[in-house]
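Notes follow the structure.
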Amino acid sequence: MELGLVGLGKMGGNMRERIRRAGHTVVGYDRNPDLADVHSLEELVGKLSAPRVVWVMVPAGEATQATVDRLGELLEPGDVVVDGGNSRWTDDEKHAEELAAKGIGFVDCGVSGGVWGLENGYALMYGGDAENVAKVQPVFDVLKPEGDFGAVHAGKVGAGHFAKMVHNGIEYAMMQAYAEGWELLEKVDSVDNVREVFRSWQEGTVIRSWLLDLAVNALDEDEHLGDLRGYAQDSGEGRWTVEAAIDNAVPLPAITASLFARFASRQDDSPQMKMIAALRNQFGGHAVEKK
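Converting from the sequence shown to my numbering requires adding 54 to each position, the first position being numbered 1.
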């Protein structure tokens, strides 16, 4: 089939290559002309045969909204837009309604696989009407990992990104657990080979995982992570997961704590700890450290 692909960054560029290797035609557009096959969305749409499928891989929020708005002006009834970025599921509902008014279908797709997806395939979670999903199915089939699993029609519009959001929330908590265990092992005097302890867990333990493999890779590159600053950004899905938990009265203590731990990483001098130190000094006479 033919596919228009908007956004050719680390993931989008690799996705284009994987789809082409499977024999499909991909027309790619990116603001960086060195990456693009065409120089505008108008040119991209013009090179595709109807019914067209255009897959959007740009940052969530304003960039995605602007792209969907423009495609809504350029595409025709029967065409389909796929949002494969990390959009919030509530945005999917809005985009689907706006495009449906013009006869254009919409599918949201959560994509996981990062820089490894080109060779290993991407885990795909997509939402939308069966009719629109069917128009994209050949691309889903070549992007997914080999085998029976790795892709799912999760439900109606928004279900794909909601599922990917929860996936990323779980990822936050798993990474936090590995990080806390690593710090404790590094802290004690009795353990003098933390990297090899992590490596020993890769076989035969209940905590083995791809994330553990990646942790070992990182320790092989920098055994004590001395070249890194203890700062971790969050891309939004963790916050949205916690907000959805509140809206649905679902307790998520581990995921919530992992999100807050990232916030703490950005404080060189914690204001909260200043108050705690002051209170301990007031009620117990405990020593405080001055700047």
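A virtual CB, placed ideally from N, CA and C, is assigned to each residue, including glycine.
Of the other Cβ atoms in all chains shown, fewer than 16 fall within 10 Å of the Cβ of Gly339; this residue is therefore exposed.
Residue burial annotation: His215 is buried, with at least 16 other C-beta atoms found within 10 angstroms of its C-beta. Under the DSSP definition of a beta bridge, Tyr180 partners with Cys163, His207.
Residues of the same chain with a CB within less than 6 Å of the CB of Gly157, apart from the 5 flanking positions on each side, are Pro131 in chain order. The alpha-carbon of Gly181 is positioned some 51 Å away from that of Ala332.
In this structure, the beta-carbon distance from Asn140 to Glu291 falls below 8 Å.
Listed as beta-bridge partners of Asp137 by DSSP are Val110, Asp162. Put simply, the segment 302–309 touches the segment 213–230. At least three CB pairs are less than 8 Å apart. In this structure, the CA atom of Val80 is about 31 Å from the CA atom of Leu265. Around the Cβ of Met179, a 10 Å sphere holds 16 or more other Cβ atoms; the residue is buried. Asp267 and Glu250 have their C-alpha atoms some 12 Å from each other. In the structure shown, Gly157 falls within a coil segment according to DSSP collapsed to helix, strand and coil. Thr79 carries a strand assignment under DSSP once its states are collapsed to helix, strand and coil. Under the three-state reduction of DSSP, Val245 is assigned to coil, being neither helix nor strand. Under the three-state reduction of DSSP, Glu257 is assigned to coil, being neither helix nor strand.
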